[in-house]
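J.: Numbering (the UniProt record's numbering), first residue to last: 1 to 1003.
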């Protein structure tokens, strides 16, 4: 073999380059293994840092790990470093080895995997070779699989085990490649090796189930491990390599043998049998654990295949379920099942009931005959009822460990048990997920069963506490399915409220579950009377004398109670002071950041929904949040929660937000300080708070002015994910303090916009132009001269723009041209100077006008089209001689715009005689939205931002005039300025149709 030929001894050494001292490197590795002396470890790490970017570093490490004279821990450290740095020396870059060195390193590592006994160093070497396989197979290492196959063919059981482990590491790495050619190569390899690996699996499985030969436990241990790694390899091949499952016979044969041979149950039974043998010594427990791992690995393969390739498993699930269901619902104590086996069995059943592909469909009768048979055999009505009962009475019961943690470590337990996100690993969470799936797929059956258990738990005397807690949990999980069957109001009044009054220590878990249950049902079905009573229960549950676990659950449930459509402020008003007092006190008592974040989340929702009703207890909220902000200087998560809470407070106070403005500005200053390391976590919340505060401020206070001057300029460079928020803040600053913005910041903004616009996408372009447009609306003619650089960029990029960008830019340019046409001269001059052609400003202007005329139909929004028409007429009046060559195009554009505005008139119609009689964008009439009544309403109840935008809209040239009147006035102004002779020359450039229509418009 290539590997064997390249090495003559394990002591062979590849000489590193001159500046890498091998003994020095070896000494550094020795120092790093001295875990009892941190100073030595740090010294060794410093030496390694000197060498880690040396091109011969990897080669030297291989020399160390192949030196069997060195201690095993030194070789292990070298192997770990080698594995972790392979990518650096294999990928393209300054440290990449050439093909000769790669081949040398690869061959030496492969040789070392089998030349030394199985140790931690060998395990790391195997993983390193797997990483190399990801880069080199099949292009530069096409013989990898053949070389592993040769090792599998030898009689040495340890070599076989290492070969399977190396095959596992290699296939695991190769399966992560996503390029089409790599995927194809892996699929071909999987097809070729699947049958041989299956043969190895069955051979070792037979040895495992036959038991160890007397006294030969070492050989038996190797057979067990070989079987486990063969199962792992098969899982990888099936998940990522096999595609034509129905046509690939070895795949069907494998699962048929697993099902017909009752392999999972046999392995678990054999593990129990070995445990019961007296001659088995205690060291053999590790082997028994691995036997159970084989069974669990097969279960996990079934689960993975059902999730990723559901229909491929359909023909094999009927016999497999015969082994899976007893693991979850049989007498697991007899088999001493590991928790992972029970959890995986429940997950398999859960996926069968929740996976869309396992829903019976009529359009594929052949495929779904297997699914129908499984449901008939194992998931009929009787079995479903038994499963639900066992889930509630057995799997959902709190364990003694749960009870101990609730009593002694309530915060950690409350933060850990939170929904189904860990359903693949946790016993109770997987049982909850399975119950949810069964309820969803068997609604009537499951609802009836759970209802009967609820009745039994609430009416039968002496019911066990843990059973009742599990039943209430099931009633919450199945809440939507019990909607029409369970009278929750009656259950709450007659049972839950009464049970909650039992404040004994033995009833803690029931009180905790009741709080959760009413929170869950508040979003499903609950009368107004019950909702009012629930808030009183919440307050009782969060009082300091209550157990911490109940208080934390109540704090979590506040969010469920208030964040529902049916929430009414009057329901919570009587207990609101006590409710907020309890939340704020609980924040100060909790030591866990997770607990504080949960309470802050509930507080935020309550502040948002309560709105102005928070005013009476605002001082306490602020006092608590200020204290929490100071205490959590090192916890950016808590600080982010505080910023969110202040944001919700500002939203709730609306016009009264000035009362918390100093503290809010302090938070904004810290959150938006880009030199602060925590700003990466606080920036978004800080920007949202800033924007909210600006919207609810009547004027720019000194604190807001300071933020504008000190923080806003540097925020123009933040990442695109926060660009929308920054643009909103700039826009609000223009509205609230235009003089301050235009005194300094606006110049920076224009410079930034001129650089950014050519590279930004349409979404970002829309944000920037929107801000610039607001600036022109606010300051009108005086704003245009400040934007020369931006105007030049917009004009120069117009010819290459698509429809969307062209419409955005021309709408803004038209507004600027309407207000200050003469101020465009510097912009056209700048474009001419930056052009490669020998042009002047006048030529650039005429090219610009020609493009505008030709592509005016690209502008889709009516507001932008009306701006174009207004700009046309205004420019014609201001400079008739310059505009005269474009008169025909101007008239065509005006006719198109006026026609579109008239098409929306009441009653419709398209007669030329009615052209210009109606302007859909003219909102100055009393029914159009700018009436005094609306203004008075906004002044009474609207936010300051709404009032400012309403006032701006009143003065917007698109909405405060009728286009037909403007056209007539401007035309008369043009006649008075130029005389009839000039105007007649303009008329002579029009065709008869355009002339007739334009006469209708201008009268």
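C-beta atoms are modelled at their ideal positions from N, C-alpha and C, and glycine is treated no differently.
(1) Which same chain residues, not among the five before or five after residue 659, have their C-beta less than 8 Å away from its C-beta?
(2) What whole-angstrom Cβ distance do residue 841 and residue 821 have, given they're in contact under 8 Å?
(3) In chain order, which continuous runs of the alpha helix (DSSP H) of length 4 or greater are located wholly inside the segment 478–536?
(4) DSSP three-state call for residue 396: helix, strand or coil?
(5) Report yes or no: do three or more beta-carbon pairs, one from the segment 174–184 and one from the segment 243–252, lie closer than 8 Å?
(6) What does the alpha-carbon distance come out to for the pair residue 134 and residue 166?
(7) Is it the case that the segment 90–101 contacts the segment 62–70, given that we only count it when at least three CB pairs across the two stretches are under 8 Å?
(8) How should residue 674 be labelled, buried or exposed, when 16 other C-beta atoms within 10 angstroms of its C-beta is the threshold for buried?
(9) Who are the Cβ neighbours of residue 410 in its own chain at under 6 Å, not counting the five residues just before and after it?
(10) Using the beta-carbon count (16 or more within 10 Å), is residue 906 buried or exposed?
(11) By a C-beta neighbour count over all protein chains shown, 10 Å radius and 16 as the cutoff for buried, is residue 639 buried or exposed?
(12) With a cut-off of 8 Å, do at least 3 Cβ pairs link the segment 886–896 to the segment 843–857?
(13) Are residue 349 and residue 314 closer than 8 Å when you measure CB to CB?
(14) Quick one: what does DSSP say residue 728 is sitting in, helix, strand or coil?
(15) Just reading off the alpha helix (DSSP H) that residue 762 is part of, what are its end residues?
(16) Would you call the segment 536–556 and the segment 577–587 in contact, with 3 or more CB pairs under 8 Å?
(17) Under 8 Å Cβ to Cβ from residue 274, same chain only, skipping five residues before and after it: list those, please.
(18) What are the start and end residues of the alpha helix (DSSP H) that includes residue 555?
(19) What is the rounded straight-line gap between the Cα of residue 974 and the Cα of residue 806?
(20) Cα-Cα, which of 728, 233, 747 and 781 is closest to residue 766?
(21) Under three-state DSSP, which class holds residue 783?
(22) For the alpha helix (DSSP H) containing residue 752, name the first residue and the last one.
(23) Only counting runs of 4 or more residues, tell me where the alpha helix (DSSP H) segments fall wholly within the segment 553–617, in order along the chain.
(24) Is DSSP giving residue 674 helix, strand or coil here?
(25) Starting from residue 705, trace the alpha helix (DSSP H) both ways and give me its first and last residue.
(26) With residue 858 as the anchor, note down where its alpha helix (DSSP H) starts and where it stops.
(27) For residue 660, name the three-state secondary structure that DSSP assigns.
(28) Mark residue 995 as exposed unless 16 or more other C-beta atoms lie within 10 angstroms of its C-beta, in which case mark it buried.
(29) Look at residue 209 and residue 170 and say whether their C-beta atoms are less than 8 Å apart.
(30) Could I get the ranges of all uninterrupted alpha helix (DSSP H) runs contained in the segment 968–1003, with 4 residues as the minimum, in chain order?
(31) Using three-state DSSP, classify residue 128 as helix, strand or coil.
(32) Let me check understanding here. Comparing Cα to Cα, which of 164, 73, 146 and 148 lies closest to residue 121?
(33) Mapping the DSSP letters down to three states, classify residue 109 as helix, strand or coil.
(34) Just checking my contact of residue 1002 with residue 967 at CB under 8 Å: how many whole Å lie between their CB atoms?
(35) Can residue 650 and residue 689 be called in contact, C-beta distance under 8 Å?
T.: Here's the rundown:
(1) Indexing the chain shown from 1 puts residue 659 at position 659. 618 and 653.
(2) Indexing the chain shown from 1 puts residue 841 at position 841. Indexing the chain shown from 1 puts residue 821 at position 821. About 13 Å separates the two Cβ atoms, so there is no contact after all.
(3) 488–491, 497–500 and 508–521
(4) Taking the chain shown and counting its residues from 1, one reaches residue 396 at position 396. Three-state result, residue 396: coil.
(5) no
(6) What you label residue 134 is simply residue 134 of the chain shown in a count that begins at 1. What you label residue 166 is simply residue 166 of the chain shown in a count that begins at 1. Roughly 12 Å between the two C-alpha positions.
(7) no
(8) Here residue 674 corresponds to residue number 674 of the chain shown, with the count starting at 1. So residue 674 counts as exposed.
(9) Indexing the chain shown from 1 puts residue 410 at position 410. 548 and 549, listed in sequence order.
(10) Along the chain shown, read from residue 1 onward, the residue named residue 906 stands at position 906. Confidence at residue 906 is low in this model, with a pLDDT of 42, below 50, so the placement of that residue should be treated as unreliable; the coordinate-derived value is given next. Result: exposed.
(11) What you label residue 639 is simply residue 639 of the chain shown in a count that begins at 1. Buried: at least 16 other Cβ atoms inside 10 Å.
(12) yes
(13) By one-based count along the chain shown, residue 349 stands at place 349. By one-based count along the chain shown, residue 314 stands at place 314. No, they are not a contact pair.
(14) As a position in the chain shown, residue 728 is number 728, starting the count at 1. Looking at residue 728 - three-state DSSP - the assignment turns out to be helix.
(15) Here residue 762 refers to the residue found at position 762 when the chain shown is read from its first residue. 762–779 is the span of the alpha helix (DSSP H), which, as asked, contains residue 762.
(16) yes
(17) Here residue 274 refers to the residue found at position 274 when the chain shown is read from its first residue. Taken in chain order, the residues that qualify are 211, 280, 284, 287, 288 and 291.
(18) For the purposes of this step, residue 555 is taken as the residue at position 555 of the chain shown. Unbroken alpha helix (DSSP H) run through residue 555: 548–562.
(19) Within the chain shown, numbered from 1, the residue matching residue 974 stands at position 974. Within the chain shown, numbered from 1, the residue matching residue 806 stands at position 806. Looking at the two C-alpha atoms, the distance is approximately 29 Å.
(20) As a working note, residue 766 is residue 766 in the chain shown. Answer by Cα proximity: 728.
(21) The residue you call residue 783 lines up with position 783 of the chain shown. Reduced to three states, the DSSP call for residue 783 is helix.
(22) In the chain shown, counting from the first residue as 1, residue 752 sits at position 752. First-last of the alpha helix (DSSP H) with residue 752: 746–756.
(23) 569–572, 576–589 and 593–610
(24) By 1-based counting over the chain shown, the position of residue 674 is 674. Correct three-state label for residue 674: coil.
(25) Taking the chain shown and counting its residues from 1, the one referred to as residue 705 is at position 705. Note, residue 705: alpha helix (DSSP H), 702–710.
(26) As a position in the chain shown, residue 858 is number 858, starting the count at 1. Counting along the chain, residue 858 falls outside any alpha helix (DSSP H), and DSSP gives it neither H nor E.
(27) The residue you call residue 660 lines up with position 660 of the chain shown. Helix, per DSSP.
(28) For the purposes of this step, residue 995 is taken as residue 995 along the chain shown, with counting starting at 1. Residue 995 should be labelled exposed.
(29) Start at 1 with the first residue of the chain shown, and residue 209 comes out as number 209. Start at 1 with the first residue of the chain shown, and residue 170 comes out as number 170. Contact flag unset, no.
(30) 980–988 and 992–1002
(31) Your numbering for residue 128 matches position 128 in the chain shown. Three-state DSSP puts residue 128 in a helix.
(32) Counting from one through the chain shown, the residue named residue 121 turns up at place 121. Comparing Cα positions, the closest option is 73.
(33) Taking the chain shown and counting its residues from 1, one reaches residue 109 at position 109. Three-state result, residue 109: helix.
(34) If you number the chain shown from 1, residue 1002 lands on position 1002. If you number the chain shown from 1, residue 967 lands on position 967. Yes, they are in contact, since the Cβ atoms of residue 1002 and residue 967 sit about 5 Å apart, within 8 Å.
(35) Residue 650 sits at position 650 when you count from the first residue of the chain shown. Residue 689 sits at position 689 when you count from the first residue of the chain shown. Yes, these two residues count as a Cβ contact at 8 Å.
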